[in-house]
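Take a look at the structure below.
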Amino acid sequence: MRLFTTLSTLALVTVTNACGDDHHLSFPEPNYSGDLGDFASFVKHMKQIAIEKDVDLLLIDSGDLHDGTGLSDGFPAGGIDAHETNQFLKQLPYDIMAIGNHELYDYVNTWDMHTNFAPALNGRYLSSNANITIFDENNNTVSVPVGNRYSKFTTRKGRKITSLGVLFDFTGNDVNTTVQTVADMVKEQWFTEAIAEEPDVFVLAGHMPVSYDNWPTVFNAIRDVHAETPIIILGGHTHIRDCNQPDGRSMALESGRYMETIGWLSAKLGNPNDSKSNITFGRRYLDQNRVTYEYHTQQRNNTFDTAEGQNITQGLQALSEKYELSTLFGYAPQDYTISRNQYPSNGSSLTLFINEAAPYSLTFNNTRKNVTNLMITNSGSQRFDVYAGTFDKNDQIAASPFLDAFVYIKNVQLGVAQQVLIALNTAGADERRKRDLGSVLQQREDELWKRGFVDRRYMDWLDEMDRRHDGAVKRASQNLTLGYVTSDSCPGVGDDTLHAPLASYDIPDFIGSDALSTSNDTLIDFVFVDFIQEQLLEILNEVQNTTTYSDSDVESYTDVLSNQVLRLDSNAGALFKDYCSLEPPGLVRAHACLATLTL
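According to mature numbering (1 follows the signal peptide of the UniProt record, and there is no 0), the sequence shown holds residues -18 to -1, 1 to 581 in order.
The following block contains the structure:
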């Protein structure tokens, strides 16, 4: 059913994590094969249909424009992450855009958003609880919003909108940036003033999950003042498709990850004098591809593209060439997935990374090469699957984007190092109590969440999806292509296209290289990424009491960073060595630009 088939008076197109990626032919990748130019054409057509249907249509973005793909991260030395891709995003007619946590990891990026991006949105780039410290005209330091605290505007149809842009309680922000907790934000005088006047609709955008987070804090603060005013919440961050209704006159929608999903929310607001009746809402999760776009805009392949969309597509292609994102490292003969294959297995990208690539790349030209080692990293360091076909610079950035350094502690007993890996992955409460590690592990989980890591929430969602919808049976029937099968708390079916659910296997939070055929008391180099150093040292001192380890015992192991392990170059290359042939396996790459990979 086309989006405008059902009657509505207000409709919203919403997206989150709109950075950049390119796609392969292995499913589910074709589901998300549109580029930002295609999306721009879709929006223009939908805006025109809205005028013809006499409906207000708003374009909303829930945050995260940085990190994780070649188009955002492939800039040369001296550049700024996502600065170039943001120039294309400026060309879209956004009504509201909220800040994401990825805009705050690096002060330079935050400054670029504050100085060069936010002004282009004319007060519609919102950072209700995120500040940046800058110099004022008197050369004094002041803390100011990255964008605007809130926005009030009137739609084409005359509806008054009050909007916020709220970030979850993020703690991984860089120095000279500030994130205020949501609980403290709603106590601010500016917040009281912002919501004092009743609009026709509150539209709350934000990089915060619509379930199990702090949207109720904002919602209840507004309801205390305006008990019946319609409230629409557009969340993000957990990478899942999700929807709920806090009450009969509100709806909260979260539109997936990486611009794989375009969210659609419609509301039949009815008589403005009727402030008591429930509102009829609708929601849809659209796969981000041209087939979807053409269907809903009633266009054909030769009529769909707009001049604006084509200019964006051509600009992104030029940027890809400028960044040399097609630089070829090798050919993968098969897909290697993070969670759709068991770990460990030959189809697991985690196995590929820690058992094959890392031992080769990290010991290449390393003076410690002949010392027995055990290597550990967090599974979240691998952000995207490696697909059959060409493996190029953009794939390398997408699959393993983080710049973590590898460090080590010398002369650790092999058995002790293996106990640390087991403890890091401990899941059972009884085991935690036995090891007295519960507080350490829970502290680690809480800290990872506050720092912006959502892998566990997303993986749990995939696992639940596979179990709930008899994934193995549906995949075996081969009647449907692979993709998301959403169950949320809103009425009706949300997915625009029916799929068989992706296979989902539980993966550990931490992965280690193959067990060595040597005795447990063998002294080894215990190698790990610096990102987990604090937690690892704490657990290392819990599982043994012979030595008290500290930061002073940790040394640099190699100059190779984690994002370089999979690449093929003169210093460190492993992917092609054991897993890729030098001849293409016959699978042709399907290139597309800007449909993101970010946290």
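Where a beta carbon is used, it is the ideal one built from N, C-alpha and C, also for glycine.
Buried versus exposed call for residue i [16 or more other C-beta atoms within 10 Å across all chains shown]
{"i": "R450", "result": "exposed"}
{"i": "L519", "result": "buried"}
{"i": "A409", "result": "A caution first: A409 carries a pLDDT of 42, below 50, which makes its placement in the model unreliable, though a value can still be read off. Flag for A409 reads exposed."}
{"i": "N104", "result": "exposed"}
{"i": "Q517", "result": "buried"}
{"i": "P212", "result": "buried"}
{"i": "M95", "result": "buried"}
{"i": "V455", "result": "exposed"}
{"i": "Q425", "result": "exposed"}
{"i": "L480", "result": "exposed"}
{"i": "Q280", "result": "exposed"}
{"i": "Y132", "result": "buried"}
{"i": "V398", "result": "buried"}
{"i": "T274", "result": "buried"}
{"i": "N91", "result": "buried"}
{"i": "N461", "result": "exposed"}
{"i": "P127", "result": "buried"}
{"i": "S471", "result": "exposed"}
{"i": "E85", "result": "buried"}
{"i": "T(-3)", "result": "buried"}
{"i": "M(-18)", "result": "exposed"}
First and last residue of the uninterrupted beta strand (DSSP E) at residue i
{"i": "F311", "result": "L310 to A314"}
{"i": "E236", "result": "S232 to S237"}
{"i": "D46", "result": "Neither: D46 is in no beta strand (DSSP E) and is coded neither H nor E."}
{"i": "V353", "result": "Counting along the chain, V353 falls outside any beta strand (DSSP E), and DSSP gives it neither H nor E."}
{"i": "G252", "result": "Looking at the DSSP string, G252 is not in any beta strand (DSSP E), and its letter there is neither H nor E."}
{"i": "T(-5)", "result": "L(-9) to V(-4)"}
{"i": "F117", "result": "A112 to F117"}
{"i": "I78", "result": "I78 to A80"}
Three-state secondary structure assigned by DSSP to residue i
{"i": "D63", "result": "coil"}
{"i": "K456", "result": "helix"}
{"i": "A209", "result": "coil"}
{"i": "K26", "result": "helix"}
{"i": "F384", "result": "coil"}
{"i": "Q280", "result": "coil"}
{"i": "F57", "result": "coil"}
{"i": "L484", "result": "coil"}
{"i": "L298", "result": "helix"}
{"i": "R322", "result": "coil"}
{"i": "N347", "result": "coil"}
{"i": "M447", "result": "helix"}
{"i": "R272", "result": "helix"}
{"i": "G217", "result": "strand"}
{"i": "K392", "result": "strand"}
{"i": "S361", "result": "helix"}
{"i": "N226", "result": "strand"}
{"i": "K35", "result": "helix"}
{"i": "F70", "result": "helix"}
{"i": "S330", "result": "strand"}
{"i": "D428", "result": "helix"}
{"i": "T97", "result": "helix"}
{"i": "Y14", "result": "helix"}
{"i": "L464", "result": "strand"}
{"i": "F286", "result": "helix"}
{"i": "Y305", "result": "coil"}
Span of the alpha helix (DSSP H), counted from its first residue to its last, around residue i
{"i": "G371", "result": "Where G371 is concerned, there is no enclosing alpha helix (DSSP H), although the beta strand (DSSP E) it sits in stretches over G371 to D374."}
{"i": "P127", "result": "Where P127 is concerned, there is no enclosing alpha helix (DSSP H), although the beta strand (DSSP E) it sits in stretches over T123 to P127."}
{"i": "F435", "result": "First-last for F435: undefined, no H or E at that position."}
{"i": "A405", "result": "L396 to L406"}
{"i": "D94", "result": "Y89 to D94"}
Contact with chain B by residue i, beta-carbon distance below 7 Å
{"i": "E429", "result": "Chain labels in this structure do not include chain B; a single protein chain is all it has."}
*Taking 8 Å as the threshold, find out whether the region 487 to 499 comes into contact with the region 286 to 296 through three or more Cβ pairs.*
no
*Between the region 300 to 313 and the region 21 to 33, are three or more C-beta pairs nearer than 8 Å?*
Pairwise C-beta distances place the region 300 to 313 out of contact with the region 21 to 33, as fewer than three of them are shorter than 8 Å.
_Suppose only complete runs of 3+ residues qualify. What are the beta strand (DSSP E) ranges in the region 129 to 201, listed by chain order?_
132 to 136, 142 to 149, 159 to 161 and 183 to 189
_alpha helix (DSSP H) runs contained entirely in the region 484 to 539, provided each spans 4 or more residues_ = 515 to 525
*Taking three-plus beta-carbon pairs below 8 Å as touching, is the region 317 to 325 in contact with the region 295 to 306?*
no
*Three or more C-beta pairs closer than 8 Å, one from the region 8 to 17 and one from the region 220 to 227: is that the case here?*
no
*asked:* Using a Cβ distance threshold of 8 Å, determine whether the region 175 to 192 contacts the region 114 to 127, with at least three qualifying pairs required.
replied: As far as the Cβ criterion goes, the region 175 to 192 does not touch the region 114 to 127, which means the pair count is below three.
*Can we say the region 367 to 380 touches the region 50 to 66, given the rule of at least three CB pairs closer than 8 Å?*
yes
*Three CB pairs or more closer than 8 Å across the region 179 to 189 and the region 37 to 46*: Touching, yes.
*Any contact of the region 533 to 550 with the region 340 to 352, i.e. 3+ C-beta pairs under 8 Å?*
yes
_Quick test of the definition: if touching needs 3 or more C-beta pairs under 8 Å, does the region 324 to 338 touch the region 385 to 394?_
When Cβ pairs closer than 8 Å are counted between the two stretches, the region 324 to 338 is seen not to touch the region 385 to 394, the count staying below three.
*Is there contact here, the region 100 to 116 with the region 60 to 80, by at least three beta-carbon pairs under 8 Å?*
They touch, by the three-pair rule.
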